[in-house]
Amino acid sequence: MATFDVHPAEMQSAAPARRLSQHGRLVLVWLVLATAPFLLPNAYWVSLANLALINLILIASLNLLMGYGGQISLAHAGFFGLGAYASGILNVKYGISPWMGLPAAALVAGLGALLIGIPALRLRGHYLAMATLGWNAILVVFFTQLVDLTGGPNGLLGVAPFSLFGHALDTEMKVFPLVWAVAFLVMLAILHLLRSRVGRAVRAVATNELGAEAVGIDSFRTKLVVFVLSAAMAGVAGSLYVHVNQYASPETFGIAPSIMLLVMVAIGGAGTFFGPVLGAIVYTAVPQVLLDYEDAELMLFGLGMLVVLILFPGGLAGIPAAIARALRRKAS
Numbered sequence: 000m001a002t003f004d005v006h007p008a009e010m011q012s013a014a015p016a017r018r019l020s021q022h023g024r025l026v027l028v029w030l031v032l033a034t035a036p037f038l039l040p041n042a043y044w045v046s047l048a049n050l051a052l053i054n055l056i057l058i059a060s061l062n063l064l065m066g067y068g069g070q071i072s073l074a075h076a077g078f079f080g081l082g083a084y085a086s087g088i089l090n091v092k093y094g095i096s097p098w099m100g101l102p103a104a105a106l107v108a109g110l111g112a113l114l115i116g117i118p119a120l121r122l123r124g125h126y127l128a129m130a131t132l133g134w135n136a137i138l139v140v141f142f143t144q145l146v147d148l149t150g151g152p153n154g155l156l157g158v159a160p161f162s163l164f165g166h167a168l169d170t171e172m173k174v175f176p177l178v179w180a181v182a183f184l185v186m187l188a189i190l191h192l193l194r195s196r197v198g199r200a201v202r203a204v205a206t207n208e209l210g211a212e213a214v215g216i217d218s219f220r221t222k223l224v225v226f227v228l229s230a231a232m233a234g235v236a237g238s239l240y241v242h243v244n245q246y247a248s249p250e251t252f253g254i255a256p257s258i259m260l261l262v263m264v265a266i267g268g269a270g271t272f273f274g275p276v277l278g279a280i281v282y283t284a285v286p287q288v289l290l291d292y293e294d295a296e297l298m299l300f301g302l303g304m305l306v307v308l309i310l311f312p313g314g315l316a317g318i319p320a321a322i323a324r325a326l327r328r329k330a331s
């Protein structure tokens, strides 16, 4: 079974003080992020902050599956798309509020994961990767060909923004608090899941599946649960995406984005709690830097991943620990 490096400090059941410390760090990071709209120079940069938070939900949910659960998935952008189209179609075709579309998106993406997960999670390693890749390809065909529902290649148009007390959240500044809050709740949910009995089972299966089964853990059920939860979170990100942008198109949810999300998990630091924050920043910022090299974007991302993982195998989140180890060796 393909696994990612899992960091012992995050694998062990933490003492109450450490749990509070981790919660405290999460709150501190989110308080810093809350200042973004006031520090950024214009609405375009605030839109990038919104996109970064949506990307964070995607990368954090994939990190839950891959970094902690040890399961490779190349269908995450597809589940992102399922959530986006589910919420968008409910709004455009049936007039259903985006607030109802948000949980519906999680439900539809989770059901999609359940559908593919029951057969696919009996596979391991690159076989699982290929199965999920095929599922993503099938979803893109649906998004493209079901023109009456999805708008086809032209995309789904006319999606309404979120509104609160009759006021539309139709500008980047207005919608930022919502995206910020949902991203925080997703990260908080992941933190609590990792501290729970289910989270310990997920890490045990990722570390040693046979050993986990020997102590009574149902490895298939555990993998299926985390696969479905990860996809449901991607569905939430999809709902936010479609109502913030008021548009969705199939290419956003294709195979290349699924590969890029995997790359960002690795670059940020697979199996680390705050690694996805760094991965989301890179995933959002680098394309802006590479606007003149759009055709080479995937290649340059790949080269970046190689450089980061060669120099820092634990990803960007592992850099402080790597520097500390180097300083200790130098001192001794």
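Numbered continuously in numbering that gives the first Met the number 0, the sequence shown closes out at residue 331. Don't be surprised by glycine CBs; every beta carbon is placed ideally from N, CA and C. Note that this is a predicted model, so its numbers are computed, not measured.
With distance defined between alpha-carbon atoms, name the residue in the options nearest to residue i.
i    : options                   : result
W44  : V227, E171, H75 and F164  : E171
L223 : I216, L120 and L277       : L120
T131 : F226, F311 and S218       : F226
W98  : S86, L50 and K92          : S86
G312 : I95, P249, A74 and V264   : One point to set straight first is that residue 312 is Pro, not Gly, in the sequence displayed. Of the listed residues, the one whose Cα sits closest to P312 is V264.
G109 : L89, G77, P36 and F273    : G77
A159 : F272, A83, T283 and I309  : A83
P176 : A320, P152, A35 and A323  : A35
L302 : L73, A279 and I266        : I266
A231 : T143, G270 and G80        : G80
L351 : R327, S60, L101 and R123  : Absent from the structure is residue 351, since the part of the chain shown begins at 0 and ends at 331.
V204 : P256, G68, L52 and F272   : G68
G268 : S257, G314, L299 and A167 : G314
M259 : A136, I58 and L25         : I58
I332 : I56, L127, W29 and I88    : Because the chain spans 0 through 331 in this model, residue 332 falls outside it and cannot be assessed.
Q287 : L308, S20, A51 and L30    : A51
H125 : A325, L73 and G157        : L73
H75  : G237, F300, E296 and P319 : G237
A233 : D217, S218 and P256       : P256
R123 : F219, A105, I309 and G210 : F219
T143 : V214, G94, L101 and A247  : A247
I53  : L326, V31, V276 and L155  : V276
G116 : G133, I309 and L101       : G133
T271 : E208, V235 and I189       : I189
I56  : L290, A316, T251 and A279 : A279
V91  : L38, V139 and G150        : G150
G157 : I88, I254, G274 and V306  : I88
Q245 : M129, R327 and D169       : D169
P319 : G274, I137, E296 and L113 : G274
Q21  : A136, M298 and L187       : L187
Checking the sheet assignment: what are the DSSP bridge partners for residue i?
i    : result
H75  : Per DSSP, none; premise fails for H75.
H191 : Note: H191 sits in no beta bridge, so no partner.
A247 : L155
S162 : A167
How is the alpha helix (DSSP H) around residue i delimited, first residue to last?
i    : result
F311 : Element bounds for F311: n/a, residue is neither H nor E.
Q144 : G124 to Q144
Q287 : G274 to V288
R324 : I318 to A330
M65  : Counting along the chain, M65 falls outside any alpha helix (DSSP H), and DSSP gives it neither H nor E.
S239 : Correcting the residue type first, residue 239 is Leu in the shown sequence and not Ser. Start and end: S218 to N244.
T206 : R196 to T206
L39  : Per DSSP, L39 belongs to no alpha helix (DSSP H) and is neither H nor E.
G270 : Element bounds for G270: n/a, residue is neither H nor E.
G253 : Premise fails: G253 is in no alpha helix (DSSP H) and is neither H nor E.
I117 : P97 to A119
Please find out if some non-hydrogen atom of the ligand HEM comes closer than 6 angstroms to the beta-carbon of residue i.
i    : result
V178 : The ligand HEM is not among the ligands present in this structure, which contains no ligands whatsoever.
Is any beta-carbon of chain C found at less than 7 angstroms from that of residue i?
i    : result
G268 : Absent here is chain C; the protein component of the structure consists of one chain.
Worksheet item: Is it true that the region 195 to 212 meets the region 46 to 61, where meeting means three or more beta-carbon pairs spaced less than 8 angstroms apart?
Response: no
Discussion item. Between the region 229 to 247 and the region 282 to 290, can you find at least three pairs of beta-carbon atoms closer than 8 angstroms?
Written reply: no
Discussion item. Would you call the region 21 to 28 in contact with the region 174 to 190, where contact means no fewer than 3 C-beta pairs closer than 8 angstroms?
Written reply: yes
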